[in-house]
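Right, one structure below, let's go through it.
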Amino acid sequence: MNDLGRKLVEVPVGFKWFVDGLFDGSFGFGGEESAGASFLRFDGTPWSTDKDGIIMCLLAAEITAVTGKNPQEHYNELAERFGAPSYNRLQASATSAQKAALSKLSPEMVSADTLAGDPITARLTAAPGNGAAIGGLKVMTDNGWFAARPSGTRRCLQDLLRKLPRRRASQAD
Numbered sequence: 044m045n046d047l048g049r050k051l052v053e054v055p056v057g058f059k060w061f062v063d064g065l066f067d068g069s070f071g072f073g074g075e076e077s078a079g080a081s082f083l084r085f086d087g088t089p090w091s092t093d094k095d096g097i098i099m100c101l102l103a104a105e106i107t108a109v110t111g112k113n114p115q116e117h118y119n120e121l122a123e124r125f126g127a128p129s130y131n132r133l134q135a136s137a138t139s140a141q142k143a144a145l146s147k148l149s150p151e152m153v154s155a156d157t158l159a160g161d162p163i164t165a166r167l168t169a170a171p172g173n174g175a176a177i178g179g180l181k182v183m184t185d186n187g188w189f190a191a192r193p194s195g196t197r198r199c200l201q202d203l204l205r206k207l208p209r210r211r212a213s214q215a216d
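Okay, here's the thing in structure tokens:
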């Protein structure tokens, strides 16, 4: 994001973690994995709809109207510039005890030095943007990251793998 002249603030999953930044104007946009999104209006006040996709559709229409390019063209340009992202998500049913155990993972429990062939650069249990607990563990490299945490809304465990180059995403399985 620095290369685009924008600051990225990483917070735990959930709207509640970025709403204050929208209201005080320090965030211009907030989004989450489950397709929820909010952003600032031109007058600086936050605008949100429910997780219905309306706000993202309007944003796509505005981007197309202003730039003359559709969102896929912008995505392709970013992928060409920064590399194509890869994403994998696994979910497994879990008991309350299993969810509790996963939420207690610590950086010290990761003995590996590499992830998908890349050196591990960080092992986190708190979000870098605000220091709040993420409820699990995130392992980072310069090329991507892996996170494991219990779902906050469902009886399942979630494993997320993002940003590793496609040729390596399968190595992390």
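Per our numbering: the sequence shown = residues 44 to 216.
Built from N, CA and C at the ideal position, the CB exists for glycine as well.
Taking 6 angstroms as the limit between beta carbons, can you name the residues of its chain near residue i, skipping five residues before and five after?
i: residue 167; result: 181
i: residue 92; result: 98
Apart from the five residues on each side of it in sequence, which residues of its chain come closer than 8 angstroms, Cβ to Cβ, to residue i?
i: residue 107; result: 113 and 114
i: residue 162; result: 156, 184 and 185
i: residue 117; result: 106 and 110
How would you call residue i, buried or exposed, if buried means at least 16 neighbouring beta carbons within 10 angstroms?
i: residue 133; result: exposed
i: residue 96; result: exposed
i: residue 175; result: exposed
i: residue 142; result: buried
To the nearest whole angstrom, what separates the beta carbons of residue i and residue j, a pair I think is in contact under 8 angstroms?
i: residue 52; j: residue 172; result: 4 angstroms
i: residue 170; j: residue 54; result: 5 angstroms
For residue i, which residues from the same chain have a beta carbon less than 7 angstroms from its beta carbon, with the 5 sequence-adjacent residues on both sides left out?
i: residue 99; result: 80
Complete beta strand (DSSP E) runs within the segment 105 to 168 (minimum length 3 residues, chain order): Fully enclosed beta strand (DSSP E) runs of 3 or longer: 130 to 136.
Sufficient close CB pairs (3 or more, under 8 angstroms) joining the segment 113 to 128 to the segment 149 to 163: The count of Cβ pairs closer than 8 angstroms, one atom from the segment 113 to 128 and one from the segment 149 to 163, stays below three, leaving the stretches out of contact.
Segments assigned alpha helix (DSSP H), at least 4 residues, entirely inside the segment 54 to 83: Correct list: 62 to 67.
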